[in-house]
Every structure is written in C-alpha cells, then in structure tokens.
Amino acid sequence: MISTELDEALAQLKKTDGKHAQLQKEYDSARAKCQPLTHAQAELDKAERKYEDALDKWHELDKQFDDEHAWLIDAIDDACNKWYEAKQRVNGIIRKLTGANND
847 MISTELDEAL
857 AQLKKTDGKH
867 AQLQKEYDSA
877 RAKCQPLTHA
887 QAELDKAERK
897 YEDALDKWHE
907 LDKQFDDEHA
917 WLIDAIDDAC
927 NKWYEAKQRV
937 NGIIRKLTGA
947 NND
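With the numbering used here as the guide, the letters of the sequence shown map in order to residues 847 to 949.
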C-alpha cells in the first residue's frame, strides 16, 4: 500500500517537474525574443555599471579627502572631547551649588 502510494507520488512529481521545466523554457524563450525588454535590460546593466564606477570614484575621493584632512578631523575630535570635559565640569559645579550631589 505505502509502496504503491509512493510510486504514484513519484510519478506525479516526475510529470509535474517535466511540465514545469517545459513551461519555464517557453517563458525564457519568449522573454529573450522580447526586444524592448532585452534592450531595457541592457540599458539597466549599463546604468548599474556606471553607478558602481561612480560610487567607487566617490569612495576614492572621500578617502583621499579624509586622508588630506586627517589633522582637521583629529582637531575636531580633540575639541569635542574638551567641550565634553568642560560641560561635565560645569554640570558638576551646578550640582554642587544646587545640592544635587547630596542624594
């Protein structure tokens, strides 16, 4: 009983697999013959390559800019740290004056 059921299921699977492959082949063939779609895909591929080239160039220029201005980036970081320390000091003094440290 189970063996017969399995044989039937396998036969059905083989039949549907063949039908699926046939339909996919027909679809792929029809799609390949559609000139406007083929042309649009080629244009899209070209645009994607152009975008990737432009993005690579941007990354290169961005890195070059940061390398050339590393001193400025470091100075900004240093100034930010000093600002934070000064702010913490001011907040500490305010807490002392208002008694907020006596919790």
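Note that beta-carbon positions come from the ideal geometry of N, C-alpha and C, so glycine has one too.
Problem set entry | Simplified DSSP assignment, three categories, for C926 | Three-state DSSP puts C926 in a helix.
Problem set entry | Straight-line gap, K942 to L901 (C-alpha atoms, nearest Å) | 53 Å
Exercise. Among the residues of its own chain, which have a CB less than 8 Å from the CB of A878, if the five just before and after it don't count?
Worked result: Contacts found: T884.
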